[in-house]
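Comments concern the structure below.
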Amino acid sequence: MANSRINTIHYPTIPPQSKQVQQKKAVQQSFQSILENQTAELKVSKHAQKRLNERNIHITPSQWNEIHEKMLDAKQKGVTDSVIVMKEAVLVASTKNHTIITALDQNNEADQLITNINGTIIMPD
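The sequence shown lines up with residues 1 to 125 when you count with our numbering.
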């Protein structure tokens with residue numbers, strides 16, 4: 001009876017991941033998220049395009065680029081749905097999907113209520 005360990009099963013212990021491995025995963029995730037953000041294309045929904053045309057709202061390519069950059073910044077800060085306030089227009093956008101949802105004319109839409117927004121982007125002139 002002195003030798004009661006004959007049939008004992010030993011399971012190997014799994015060492016915890018080193019901090020270096022954990023840091024590599026964090027760096028890869030950060031790089032992946034940055035890559036996705038940079039390659040994400042700004043989309044304009046059919047509804048938004050229709051509103052832009054109907055309301056005679058013209059946005060220059062440089063303004064679209066600036067909107068794109070601001071949406072990336074907002075997305076990194078956790079904003080999912082935003083209002084983009086411009087001099088002549090207001091855009092409602094999904095920063096999560098990188099899509100312009102609709103457009104309002106600043107001059108004629110003063111009485112509108114916009115809901116379900118968790119961020120506002122104010123564009124310079």
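From the three backbone atoms N, C-alpha and C, an ideal C-beta is built for every residue, glycine too.
Since the structure is predicted, the reported quantities are computational estimates derived from the model, not experimental observations.
Quick one, are the C-beta atoms of residue i and residue j less than 9 Å apart?
{"i": "G119", "j": "K77", "result": "yes"}
{"i": "A103", "j": "V85", "result": "no"}
{"i": "I114", "j": "V79", "result": "no"}
{"i": "K50", "j": "T99", "result": "no"}
What number of angstroms, rounded off, separates the C-alpha of residue i from the C-alpha of residue j?
{"i": "S128", "j": "I101", "result": "Outside the displayed range of the chain (1 to 125) lies residue 128, so it cannot be described from this structure."}
{"i": "K70", "j": "Q106", "result": "20 Å"}
{"i": "I59", "j": "N116", "result": "24 Å"}
{"i": "K75", "j": "I122", "result": "15 Å"}
{"i": "A89", "j": "I57", "result": "7 Å"}
{"i": "N65", "j": "D111", "result": "29 Å"}
{"i": "L72", "j": "P61", "result": "17 Å"}
With DSSP as the reference, label residue i as helix, strand or coil.
{"i": "K50", "result": "helix"}
What does residue i pair with, by DSSP beta-bridge criteria?
{"i": "A89", "result": "D105"}
{"i": "I100", "result": "V44 and A93"}
{"i": "D81", "result": "S94"}
{"i": "T120", "result": "V83"}
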